[in-house]
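The sequence shown begins at 555 in the working numbering and counts up by one.
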Amino acid sequence: MRGNNTILHIWAVEIKKGNFLGQGVDEPLSETGFKQAAAAGIFLNNVKFTHVFSSDLMRTKQTVRGILEKSKVCKDLTVKYDPRLRERKYGVAEGKALSELRAMAKAAGEECPVFTPPGGETLDQVKMRGKDFFDILCQLILREAGQNEQCSQGAPSNSLETSLAEIFPLGKTCAPESNSDSAAPGLVASVLVVSHGAYMKSLFNYFLTDLKCSLPTTLNKSEFMLVSPNTGISLFIINFEEGREVKPTVQCVCMYLQDHLNGVTDTH
């Protein structure tokens, strides 16, 4: 691998709907959802992704296709559909409104989102799914980087950095806090992950609490734990130190970005 560090960009695009669809209600995107996916794709169309992962539910499959169709550089990249990226399972509450879930929680003497509906997943179970996916992803990237100094798609790392510069910095809210010494030389992958609101919230909580993720100065911990808007875009930089059995360091560059949704109106 080049340099002393291996750096991985994770772009997380979140998908959610008004009711708790969970895993059992596998509905397609609405007309607005297709517009939002296309808008996200236009916004990211110059980003050189090396890997794309998506939940295997219909709404995320349609979203990731909508994003890649707009790409200028990786339109034909193979998507890996992973059931570990599915939304939290809400059991008997799937397909119901938030008010009904809250009523169930109140009847059980609990509050959302800690409450687990009958047949649903606990927050710890969702977190472990996210941790498992992240660990496997890190192992994959490190293994590929060890096999080849170039990125998995054959492009040098500065190509990834150049594509990133097309979008960032977008201003003070998204400017990376890392110094110039930690940038391009070790960048080996730029990974797009398309998943769901409650799942991603749990994964980000793992980044924050277990991996001590650093946050932009404009973002506080309470904002970090909100649920993203539809197609909200979050970007993390993952840094590995070669030859050391330590947890990766995680830096949040931006959280729940929705600039691409300006002008996209809700259609019923």
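We put the beta carbon where it would ideally sit given N, CA and C, even for glycine.
Model, not experiment: these values are computed from the prediction.
Inter-residue spacing [alpha-carbon to alpha-carbon] between C812 and T785
Locating residue 812 in the sequence shown gives position 258, where the first residue counts as 1. Locating residue 785 in the sequence shown gives position 231, where the first residue counts as 1. It should be pointed out that residue 812 corresponds to Gln in this sequence rather than to Cys. Approximately 7 Å, taken between the alpha carbons.
Ordered list of alpha helix (DSSP H) runs contained in the stretch 643-698, each at least 4 residues
652-661
Does the stretch 765-776 come into contact with the stretch 596-616, if we say contact requires no fewer than three beta-carbon pairs (one atom in each stretch) closer than 8 Å?
no
K634 bridges to which residues according to DSSP?
Taking the sequence shown and counting its residues from 1, the one referred to as residue 634 is at position 80. In the DSSP output, where bridge partners are listed per residue, K634 has F607.
Close beta carbons around T676, own chain, < 8 Å, minus the five adjacent residues each side:
Taking the first residue of the sequence shown as position 1, residue 676 is located at position 122. The answer, listed in chain order, is T670.
Exposed or buried, V618, counting other C-beta atoms within 10 Å across all chains shown (16 or more means buried)?
Looking up residue 618 in the sequence shown gives position 64. Buried, by the Cβ-count rule.
Of the residues R638, G645 and V606, the one placed nearest K629, counting alpha carbons only
By 1-based counting over the sequence shown, the position of residue 629 is 75. Comparing Cα-Cα distances from K629 to each of R638, G645 and V606, the minimum goes to V606.
Locate the alpha helix (DSSP H) running through V618, then write down its first and last residues.
Translated into positions along the sequence shown, residue 618 becomes position 64. Its alpha helix (DSSP H) spans residues M612 to E623.
Taking buried to mean at least 16 other C-beta atoms within 10 Å of its own C-beta, is V748 buried or exposed?
Looking up residue 748 in the sequence shown gives position 194. Label assigned to V748: buried.
Buried or exposed: which applies to P637, given that a residue is buried once 16 or more other Cβ atoms fall within 10 Å of its Cβ?
Taking the sequence shown and counting its residues from 1, one reaches residue 637 at position 83. It is exposed - the Cβ of P637 has fewer than 16 other Cβ atoms within 10 Å.
Per the contact definition of three or more C-beta pairs closer than 8 Å, is the stretch 684-698 in contact with the stretch 742-762?
yes
Inter-residue Cα distance where the pair is G595 and A662
Numbered from its first residue, the sequence shown carries residue 595 at position 41. Numbered from its first residue, the sequence shown carries residue 662 at position 108. Each residue's alpha carbon lies about 42 Å from the other.
Rounded to a whole number of angstroms, what is the C-alpha to C-alpha distance between L789 and S608?
Here residue 789 corresponds to residue number 235 of the sequence shown, with the count starting at 1. Here residue 608 corresponds to residue number 54 of the sequence shown, with the count starting at 1. The straight-line gap from Cα to Cα measures roughly 16 Å.
So what's L501 in DSSP terms, helix, strand or just coil?
Residue numbering for the chain in the displayed model covers 555 to 822; residue 501 lies beyond these limits and cannot be assessed.
Is L811 helix, strand or coil when you go by DSSP?
In the sequence shown, counting from the first residue as 1, residue 811 sits at position 257. Strand, per DSSP.
Output the boundary residues of the alpha helix (DSSP H) element that contains M754.
Translated into positions along the sequence shown, residue 754 becomes position 200. Residues G751 to T763.
DSSP three-state assignment for L639, whether helix, strand or coil:
To locate residue 639, count along the sequence shown from 1; it is residue 85. In this structure, L639 counts as helix in the three-state DSSP scheme.
C806 - partner residues in DSSP beta bridges
Position 252 of the sequence shown, counted from the start, is the residue given in the question as residue 806. In the DSSP output, where bridge partners are listed per residue, C806 has F790.
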